Amino acid sequence: MTRVVSCALALALAHVGLSANVPEQIHIMYGGDVSNDNMLSGMSVTFSTKSKPSASSISYGASASDLATSIPTRSTTQYHPDGTYHHEAVIPSLDCAAYPAGSPVFYQAHADSDSSAPLSFASSGCSRDAADKPLNLAIFGDWGYMDSDRRPMKIPATGDEFKGLFKEWSAQHTMDRLQTWKQEKAMDAMWILGDVGYIDDSYAHAPLSFTYEKDFDGFMNWIQNLTSAIPTAVSPGNHESECHSPSCVTQYLKHGRHLSNFTAFNTRFNMPSAQSGGSREGTNMWYSFNMGPAHIVSMNTETDFSGAEEETTGDAGIPYLKAGGFGVGTEYLDWLDADLAAATADPATKWIVVGGHRPFASAHIEETFKPIFDKYRVHMYFAGHAHSYKRSAPVAGETVHVVAGGAGCDEMGPPQEELFAQCTLDWSVESDKYSVGLLSISDEKLSWKLVNSEDGSVIDQLDVTE
Ligand SMILES: [Fe+2]
């Protein structure tokens, strides 16, 4: 009798997932072999498990029923003693004959005997001109996690605003728009320009508890339907720098020290930093990759240059929550200059697109990066940080600046004009709608449009042709 009850209980627990260690929080990003001139043809895969497996791997193949090739994960990391385990694997550059551009690559994540559902992404092919159609990159910053109905602010608010936190907001509209684009095959990749999920605001939704890790896990599962199928680049924003909630500050040894200096951001994602000679192995602070004729550079606007907002400490400026030091001396700015020089010299590169978290609105960003931009032809610079939309007037031969930070974070409210008080750019289009952008890349042009997340209408449209 006891044995029957035990077996029934085990089966029931397995059915609801309580006894399993099923891979979750799955995310993919371009990341093939350095030796192949097109890293797009490989893919890095990150996933998480609740406990530490003795073995973890990725299997993949050309059909869901034949995942014949298996590769072990190259790292398993638990950065918070009570947190989940984070695994990284890299599917190497694919056989171009077996996986021509657009063909599905099926894969599955494994942790001991537990496995994810079979998932898939579209092969990018093995050449930068492999695509027979424009490549579409969704671009936005300052997303959030769910909405104010499901994650209400628990900190008492006065009026609509309390220290930058808003009572009514929604990241769901942008989620719905991105899901539609996924279903319509309207986007090949996504790029979140920092302040990825506002996880450091977690305390405002549960002030008396430590919820940073639980919310980060929840956010990663919330976006998994997108990020397990669509390669997703992430850039560092100030909200990635640390946990500075009351629990993290007062219980530094238990929580805060494990969650400072972009540790969660650098562990949970795997950008092609190593493949592009960017920030050191295991970090996502600066890197570049190619999408067809465009060279894409993810900048770091937060650390590793003189005057950076998080040059020595994280976003809250707490002395013992240190930040920075991902490169030595001027290593980061030297890399940016060299990367842009190499892209400029590459005949396969027709467009240079740079993105980072902060716009050219604060003096130290413009002072630091404008001279480098001016040396090369940077066609477009994308940023977030401000929670609304601005786009500069196009001037022949000069960089078009786009601020696309209206994806729907829990700090989204009226446009923050004070952020642009010292900005010298001439903004020609502005919007305070929930919005997400799509950059269409072809040999002929970069075609940008900003779309209203709620109704799909086009708010702004611009072509860059030279
Ligand atoms: Fe920000």
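For reference, each letter of the sequence shown is one residue, going -19 to -1, 1 to 447 in mature numbering (1 follows the signal peptide of the UniProt record, and there is no 0).
For every residue, glycine included, the Cβ atom is placed at its ideal position computed from N, Cα and C.
Computed from a predicted model, the values in this text were never measured in an experiment.
Backbone secondary structure at residue i - three-state DSSP
i	result
Q442	strand
D95	strand
I52	strand
H236	coil
A398	For the sequence presented, residue 398 should be read as Glu rather than Ala. Of the three classes helix, strand and coil, the one that applies to E398 here is helix, per DSSP.
S32	coil
P62	coil
R372	strand
P85	strand
F143	Interpretation of F143 is limited by its pLDDT of 49, a score under 50 that renders its predicted location unreliable; the figure taken from the coordinates is listed afterwards. Here F143 sits in strand by DSSP.
Q6	strand
I346	helix
F200	helix
A119	strand
L321	helix
N247	helix
S38	strand
I180	helix
S434	coil
I353	helix
A(-8)	With a pLDDT of only 44 at A(-8), under the threshold of 50, the placement of this residue in the model should not be trusted; the figure read from the coordinates follows. Three-state result, A(-8): helix.
K426	coil
Y11	strand
T192	coil
V309	coil
A1	coil
M361	strand
D157	helix
Within 8 Å, strictly: CB atoms of residue i and residue j
i	j	result
C229	G218	no
P352	V384	no
G125	C390	yes
G122	A388	yes
T30	P4	yes
S241	G295	yes
S108	Y80	no
Y357	H154	no
V376	M361	no
residue 477	H186	One cannot answer for residue 477 here, as it falls past the ends of the chain, which runs -19 to 447.
E223	D196	no
E392	H368	yes
F87	S35	no
D413	P396	yes
residue 470	G418	Residue numbering for the chain in the displayed model covers -19 to 447; residue 470 lies beyond these limits and cannot be assessed.
G259	W316	yes
T248	H67	yes
S129	F28	no
L215	N281	It is Val, not Leu, that sits at residue 215 in the sequence shown. Not in contact: V215 and N281 (Cβ atoms no closer than 8 Å).
For residue j and residue i, believed in contact at Cβ under 8 Å, the rounded distance
i	j	result
V335	R372	Between R372 and V335 the Cβ distance is about 15 Å, and since that is not below 8 Å, they are no contact.
F354	Y313	Not quite, the Cβ-Cβ distance comes to about 15 Å (not below 8 Å), so this is no contact.
V71	G23	6 Å
T213	A170	7 Å
F307	T284	6 Å
P85	S74	Going by Cβ atoms, the distance from P85 to S74 rounds to 17 Å, so no, they are not a contact pair.
E194	G64	5 Å
S151	H91	Between H91 and S151 the Cβ distance is about 35 Å, and since that is not below 8 Å, they are no contact.
Y268	P227	So it is not a contact: roughly 34 Å between Cβ atoms.
Q6	Q160	No, Q6 and Q160 are not in contact; Cβ-Cβ is about 18 Å, not under 8 Å.
Distance cut-off 7 Å: residue i Cβ against heavy atoms of ligand 2
i	result
P352	Looking at this structure, you won't find ligand 2 anywhere; what it does contain is ligand 1.
(request) Inspect the CB distances between the region 115 to 132 and the region 40 to 53 and report whether three or more fall short of 8 Å. (result) No: fewer than three Cβ pairs fall under 8 Å.
(message) Give the residues whose C-beta lies closer than 5 Å to at least one heavy atom of ligand 1, in chain order.
(response) Chain-ordered list of matching residues: D176, G218, N219 and H366.
(message) Does the region 7 to 15 come into contact with the region 244 to 261, if we say contact requires no fewer than three beta-carbon pairs (one atom in each stretch) closer than 8 Å?
(response) Touching, yes.
(request) Could you say if the region 391 to 408 and the region 342 to 350 meet the contact criterion of at least three C-beta pairs nearer than 8 Å? (result) As far as the Cβ criterion goes, the region 391 to 408 touches the region 342 to 350, which means the pair count is three or higher.
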